[in-house]
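Reading through the structure tokens given below for one structure.
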Amino acid sequence: MKKYLTLSLALLLALFTACTSKAPQQAEENAQTEQQTQEQTAPQQQPAAQVQNVDVAGFKKLMNNPDVVILDVRTPQEVAQGAIEGAVNINLYDPNFDQKIEKLDKDKTYLVYCRSGRRSVTASNKMLSKGFTKVYNLLGGYNAWSAAQ
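All you need for the working numbering is the position in the sequence shown, starting with 1, plus 638.
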């Protein structure tokens, strides 16, 4: 009887060991298959749009495009001192700035400027975050534009 009991325990131990040694390997294979499936079906992310900085010469070239909107984000006091011809003024400091830019056509190209270039970068980034894709910032802003005239 002891012989059968010992043999039965040895057989159970062998069976138990055989079953558990394949479980981690099978789990690893399943995880790899799942990861490959996720990689194949995951949507491809587009790189985030970035503000494109241009100098005065590049800004002037872009102005020749009929689908361009020149956007001046300076204050009304600054605009009164001079502006680029044809520019639309939406003051970055206006509490309704975000709502105003949301009304703009996202399919157009926007040339954005301020006095020195800092606020126009902020405005351009806001536009990009709202789905605009063609946004250019004038390096040096209106100061650079005036100096080049």
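C-beta atoms are modelled at their ideal positions from N, C-alpha and C, and glycine is treated no differently.
_Quick check: the Cα distance between aspartate 743 and asparagine 781, rounded to an integer number of angstroms?_
Taking the sequence shown and counting its residues from 1, one reaches residue 743 at position 105. Taking the sequence shown and counting its residues from 1, one reaches residue 781 at position 143. Going from the Cα of aspartate 743 to the Cα of asparagine 781 covers about 27 Å.
*Count the other CB atoms within 10 Å of the CB of alanine 785; is the residue buried (16 or more) or exposed (fewer)?*
For this step, residue 785 is matched to residue 147 along the sequence shown. The residue is exposed, with fewer than 16 neighbouring Cβ atoms inside 10 Å.
*Excluding the 5 residues preceding and the 5 following lysine 772 in the sequence, name in chain order all residues of the same chain whose CB lies nearer than 6 Å to its CB.*
Position 134 of the sequence shown, counted from the first residue, corresponds to residue 772. Within the same chain, lysine 772 has close Cβ partners Thr747.
*Count the other C-beta atoms from every protein chain shown that fall within 10 angstroms of the C-beta of alanine 695, then say buried if there are 16 or more, exposed otherwise.*
One-based indexing of the sequence shown puts residue 695 at position 57. Exposed is the call here.
*Could you tell me which of Ala687, Met701, Ala725, Lys764 sits nearest to leucine 709, measuring between CA atoms?*
Locating residue 709 in the sequence shown gives position 71, where the first residue counts as 1. The shortest C-alpha separation from leucine 709 is found at Ala725.
*Bridge partners - valine 773, DSSP secondary structure assignment*: Position 135 of the sequence shown, counted from the start, is the residue given in the question as residue 773. Note: valine 773 sits in a beta bridge opposite Tyr748.
_If you reduce the DSSP assignment to three classes, tell me which class aspartate 736 lands in._
Translated into positions along the sequence shown, residue 736 becomes position 98. Note: aspartate 736 maps to helix in three-state DSSP.
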